[in-house]
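S.K.: I'd like to ask some things about the structure below.
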C-alpha cells in the first residue's frame, strides 16, 4: 500500500469512463443533502439574497461537495473495493482512474471556493474550503481508519453546508446556523451506526474501526439511543428559535418521537434476535434516518414561507 492509503495494484485498469461515472464520482446522493441543507440555510437567513447570487452560490457549494466526494473516493478506493456496498463505485471498479479522480477533486475544490468568494463573500468561501478540507483530510485520510469515533467527529463535515448557506446571506455565523449544524452533527452517528449494525462484516473486512467492529453491537445500540435522546432535545428546541415555527415544531415532535421509539427498540435488542429477523428493526430505523433531515429542513423552509407571506410572525 502506498503512503496515500491507496493500493493501486488492487484497482483495475480503467476503461473509458462515461458521463454517469463522473456523476457517481461526485456522490450525487450525498450532494443532494448538501445542496438542500445549504439552500435552506440560505433561505431561512434574515438577509435576502438576490436570486442569481443565491443560485450561483448553491451551485458552487454543490461543486465543492462533489469535489470532496471525488477526493474521498480516490483515497478510499482500496477499502471501497473490499466492501460490497462500495465496490461498484467508479474508482474501485476501474471506471475512473485514481489520478483522474484526484485531479478533478483538487481542481473543482479550488474552483468552487474561488467562485463562491466572487459570487458571495470571503467568509462563506473560507467556510466551504474548511468543509472540503475537513471531509477529505481530517475525516477521510485521518479519522476514518484510526478511531471508532470517526463518524462522530467526521460528521462535522456533512453538518457545515447550512452554515455555509447562512454565511452566503449574512456573511457570518449565528446561533441559528450553529443549531442547524448541530442537528446534522448529532444525527450522523445514529444514522451510520444503524447501517453499520447490519453491514458489520463490510467494515471488519476492510479494517475500518467502526464502533460495531471495535466495541460490538451492544455498545453501538446504547450509543445510538444516547445520541438520539440528545438529538431529539436539540431538534425540538430549534423550533423555538427565530427560524422555527409551527410547521417545524409539529414535524420535529412527530419525527423525533418516531426516532426515539426506533432507537429504544434497537437498544433493547440482542444480536440473536436481530439476526433472526434480518435486522428488521435496525433497517427500519435507518430508512427513517434517510428522510429525517430532509423533513426537518423542509419544515424550516415551510415556516420561512409562512413568515414571507406574513402568516407567521415568530414566537416574540
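Residue numbers (this note's numbering): 17 to 332. Virtual Cβ for every residue (Gly too), placed ideally from N, Cα, C.
1) For residue 318, which option in 255, 81, 200 has the closest C-alpha, if you only look at C-alpha atoms?
2) Rounded to whole angstroms, what's the CA-CA distance from residue 284 to residue 132? Just pull it up for me.
3) State the Cα-Cα distance for the pair residue 122 and residue 160, rounded to the nearest angstrom.
4) Going by DSSP in three states, residue 328 sits in which element: helix, strand or coil?
5) Check residue 61 in the structure and name its three-state DSSP category.
6) In the DSSP assignment, find the unbroken alpha helix (DSSP H) run with residue 233 in it and report its ends.
7) Quick one: what does DSSP say residue 295 is sitting in, helix, strand or coil?
8) What residues in its chain sit with their C-beta under 6 Å from that of residue 103, if we drop five residues either side in the sequence?
9) Measuring CB to CB, does residue 112 end up less than 8 Å from residue 37?
10) So what's residue 163 in DSSP terms, helix, strand or just coil?
11) Is residue 192 helix, strand or coil by DSSP?
12) If you follow the alpha helix (DSSP H) that residue 186 is in, where does it begin and where does it stop?
13) Under three-state DSSP, which class holds residue 272?
14) Report yes or no: do three or more beta-carbon pairs, one from the region 138-147 and one from the region 160-180, lie closer than 8 Å?
15) Excluding the five sequence neighbours on either side, which residues of its own chain have a C-beta within less than 6 Å of the C-beta of residue 195, listed in chain order?
16) Can at least three beta-carbon pairs, one atom from the region 292-312 and one from the region 322-329, be found at a separation below 8 Å?
17) Check residue 214 in the structure and name its three-state DSSP category.
18) Alpha helix (DSSP H) containing residue 122: first to last residue?
M.R.: Short version:
1) 255
2) 47 Å
3) 20 Å
4) coil
5) coil
6) 232-254
7) coil
8) 97
9) yes
10) coil
11) helix
12) 177-186
13) helix
14) yes
15) 254
16) no
17) helix
18) 114-135
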